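Numbering (my numbering), first residue to last: 60 to 1230.
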């Protein structure tokens, strides 16, 4: 037998190795079998998710050698499952108790105390470093002594009460004494029995005489009971009628109270609303006054601004008129001044040239030098002329470009101003539209508020109706499942209608109770006849009924549903009595459509309505049909009687009719509520659209205002740019004029030099030149005087022109501001007017609501309702008094009927008892004593009773007790003999157990010592080892001196070891001085020696070779490899020596912080160990 597979699920956290070792011990070891709930919970896995509710470990053994007892299968599965409140074992999937599994493990070679076949890393060295007493316990466990001791104590515990029982000698004496006493009492008992028989016979005769008397009394009582029962039924009917009237009056009073409360509540609500509306009206009026005042102020401001604007325009026009001639004069004088300046510059240049010409004789020695200089200078002048022409052309082009830009800017400014004006109109229109949309939104909000109030009213009404519907469902008095079924069918039919399935109207006809009508007096009879069949659903075909059920199952709807399929019903016609007034077919009293004849007949077609039970009994015998009375008493054709009177106000049909009315009200209320919801949705959609439009308009206005602002800024920027261009044009024109002047001067100079080139070099000017020089001097003087005067005039004109232009500019700016303010006022006035119109409409609407509230406030209605309530309470008081009178009569009759019922019951019981007695009496004896009278029989009965009284102290159970004592005596003797035999056998067994324990201890020790030495030599060649058994009171003995007599003479106190790691036996060391590797070798030799003495199918070793050097690891690996053909070794290691001999390899790996145990190859295992 060996472990084939281990399954772990939900087990505690840990590395794969520790979980594996602990899982094996969890199933096999006794220390894990007694766990508290907290300790069991600690074995459950804990992760990031919720904690697992339970865990299990399953060990699968290969049992091909049939080592596991009681199981013939080749595989044995042992599974242990634990939870906070669970701990169970399964053996081959069958539940088994802990005690049973613990008894099975040792017989399979598995010690539940785990001394040697599951060795953890920390426990290996404890074998060597532990005490002698601990090793002795391990030796006992290996030998199985602990099991012997357990069984020995159990047997002693069982024998103790038995020995105590057998030690009692008085038990036999008590039994014999009791037996003699019962024999003496037997004779008296026979006489007593004869007298009892005589008394019984006399009593039987007296009972027979009294039987006739009781029978006569019973007949009279039954007749009187029938009369009073009929009277009681009549009184009960009157009482029910009065109670029904009282119930109706109470309902009316309650309804009136509710109506009064509702009217008062509505009255208070209306008053509160009216007060709120009046406050609103007052506020709106104040708002109107404010709006009117604001409009008036804004209009006055408009008029003032218009007047100011007109005056400003007149002033601007006047200054413009003054400015125009001044501008013209300024421009003319400016042009004249430019011309004079030009002429003056030319004259001064000519003057300068003539002066230079006059002094040229001093500069040049001859004409040739002068001519050369003139030619050179002419060349320079030509270059200057050419350069000046280029500059002039360049400035002319720049001037043309600037003028073109100026024209473009003027056009663009004009376009932007036109765009600004058009956008301004559009903005005003958009603002008006926005105001209209806001007014519409206010209206929508009012509509929503009104609809919400209406919806609240209807929802409250619907809640009341649903509450009444629940009461009506309870009043039906049927199972809740049937009620659920009704709602489920209605829901399925609504689903079909929503799917536009036309078959609904054609195939579903409602319930049975919906398809007939009858007078109210028949309600009780109808209900007792039909029962819950009243609520069966009528369908045209069974297929449609199946469709409804399938849809109910698909929607998982609750309830019980029954169907009556017209196509499946076949009712045979009945022969009803034609002329019997006391028994009439119930179906004749029902009104229904012909197509439902089969349905109605199948329920009511076999029942007759009778006046009373007597008529019903006769009709059943005569017609063989079921009969029922109006009060609900029912007699079936088989003779069974059931039912009785049923109160009308609890009628199922009446409750259902009430329920139908409530359902109708609910549907109408739901319809109104749906219409309100639809209207609310429509208003909500339109309000949302309106809000969207408002948002769009507001965004549009914001964008439009931003555009207007940008356009205004752009216009200002373009105007500024225009002013800059105008300045540039003026500057360019000035530069161009200067170039023209310079060019004329240069050309004049050139002409003068060219003419001089034709002349001789003279020391004085020629007459012509002199004349020209004098004319130029005169011209310069004239032009200078003229220019000075023009400059003075231009300064004056410029000051005046600047003054007028500044005033016009300020006037235009003020005009612009006034126009903007005027536009703002116009927009504001328009808004105020719109708000004023809206406010007036609001006041008009509120006044209409106030008028409506005034019409609805009816103070007289409360007074009328109170008066009605008082009248109803007076009627109720009278009916309650009448009820008390009827109750007094009813109680008296009921007490009388109950007394009669008790008497009848006593008579019937007495008669039944007497009849039973008479049945067992001897007929001949009765015949012999028939001549005796009632008085004589009583006299003889008194004599017999007197004789019985003299024997009243006799033990009447003596015969039975005598038989019991005799039987007990025989059983006691047999049991006593068996117990003596059992005790003797138990003593022998205990002695055998004691002897076997001693012998097994000696044998196991010798075997352990022998194998310990052999295995140690295999692990440590040249070494030796032996065990020493210590006995209390004796000097320590070696195994050669140990015998059974020595062990029995003293107590065992421990097991010691003597170990040598070389060939010299004298060089022995103390165990505590050994290294960890040496201790491990000693411990491994001890464990494997234990296996030789007590076979174990498998070993689990945890890093048993961790402290060994390579040589000893190899020896250990070879040793366990030689044993592995019969024993399974499961070992963990980080060393390569064991890998050479292993058959299977498993590795523990960690992925995502989780340990995984998986099968690997030998190559992978070797690589892992090397790393």
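All C-beta atoms in this analysis are idealised placements derived from N, C-alpha and C, irrespective of residue type, glycine included. All values derive from a computational prediction rather than experimental measurement.
Could you round the C-beta distance between residue i and residue j to whole angstroms and report it? I think they count as a contact, below 8 Å.
i	j	result
residue 1166	residue 1139	5 Å
residue 382	residue 863	4 Å
residue 725	residue 584	So it is not a contact: roughly 30 Å between Cβ atoms.
residue 399	residue 846	5 Å
Between the Cα of residue i and those of the options, spot the shortest distance and give me the residue it belongs to.
i	options	result
residue 1059	1152, 541, 136 and 453	1152
residue 198	521, 1112 and 527	1112
residue 364	1188, 885 and 998	885
residue 600	62, 566, 936 and 490	566
residue 697	744, 851, 682 and 713	682
residue 634	627, 646, 626 and 853	646
residue 1075	1063, 1117 and 632	1117
residue 1087	1077, 1078 and 1067	1067
residue 407	835, 930 and 888	835
residue 297	1119, 945, 1176 and 965	945
residue 98	404, 70, 120 and 1188	70
residue 612	598, 1085 and 550	550
residue 752	651, 100, 490 and 926	490
residue 1200	1175, 1218, 1207 and 1216	1175
residue 880	362, 481, 1137 and 1205	362
residue 1168	547, 1134 and 415	1134
residue 935	308, 699 and 190	308
residue 689	409, 116, 608 and 669	669
In whole angstroms, what separates the C-alpha of residue i from that of residue j?
i	j	result
residue 316	residue 928	7 Å
residue 470	residue 770	14 Å
residue 1126	residue 1082	Residue placement at residue 1126 is poorly supported in this model, since its pLDDT is 49, which falls under 50; the coordinates still yield a value, given next. Cα-Cα distance, rounded: 10 Å.
residue 411	residue 390	31 Å
residue 1225	residue 1172	16 Å
residue 367	residue 871	13 Å
residue 488	residue 861	42 Å
residue 542	residue 901	52 Å
residue 1108	residue 200	In this predicted model, residue 1108 has a pLDDT of only 46, less than 50, meaning its place in the structure is not dependable; the value taken from the coordinates is given anyway. Going by the C-alpha atoms only, they are around 22 Å apart.
residue 924	residue 579	31 Å
residue 475	residue 792	29 Å
residue 387	residue 426	54 Å
residue 754	residue 531	52 Å
residue 1098	residue 1062	With a pLDDT of 43 at residue 1098, under the threshold of 50, the modelled position of that residue is not reliable, and the figure given next carries that caveat. Between residue 1098 and residue 1062, the C-alpha separation is close to 10 Å.
residue 1196	residue 76	19 Å
residue 743	residue 507	7 Å
residue 380	residue 856	15 Å
residue 196	residue 1064	12 Å
residue 66	residue 194	34 Å
residue 806	residue 443	10 Å
residue 1164	residue 1192	7 Å
residue 78	residue 100	16 Å
Are the C-beta of residue i and some C-beta of chain C separated by less than 8 Å?
i	result
residue 946	Checking the listed chains, one finds no chain C in this structure; it contains a single protein chain.
Segment contact, 8 Å Cβ cut-off, at least three pairs: the region 726-736 with the region 512-525: yes
The region 351-359 touching the region 874-894, judged by at least three CB pairs closer than 8 Å: yes
Validate contact between the region 623-643 and the region 658-676 using beta carbons, cut 8 Å, 3 pairs: yes
Meets three-Cβ-pair contact criterion under 8 Å: the region 485-498 and the region 791-805: no
Touching by the beta-carbon criterion (3+ pairs, under 8 Å), the region 586-606 and the region 503-512: no
Segment contact, 8 Å Cβ cut-off, at least three pairs: the region 831-848 with the region 427-441: By the Cβ criterion, the region 831-848 is not in contact with the region 427-441, since fewer than three pairs of Cβ atoms, one from each stretch, lie closer than 8 Å.
Inter-stretch contact at 8 Å, needing at least 3 Cβ pairs: the region 865-882 / the region 368-375: yes
Validate contact between the region 178-189 and the region 154-164 using beta carbons, cut 8 Å, 3 pairs: no
4-residue-minimum alpha helix (DSSP H) runs that sit fully inside the region 389-455, ordered along the chain: 419-422
Segments assigned alpha helix (DSSP H), at least 4 residues, entirely inside the region 106-166: 157-166
In chain order, each beta strand (DSSP E) run of at least 3 residues that lies wholly inside the region 558-644: 567-570, 596-598, 622-624 and 642-644
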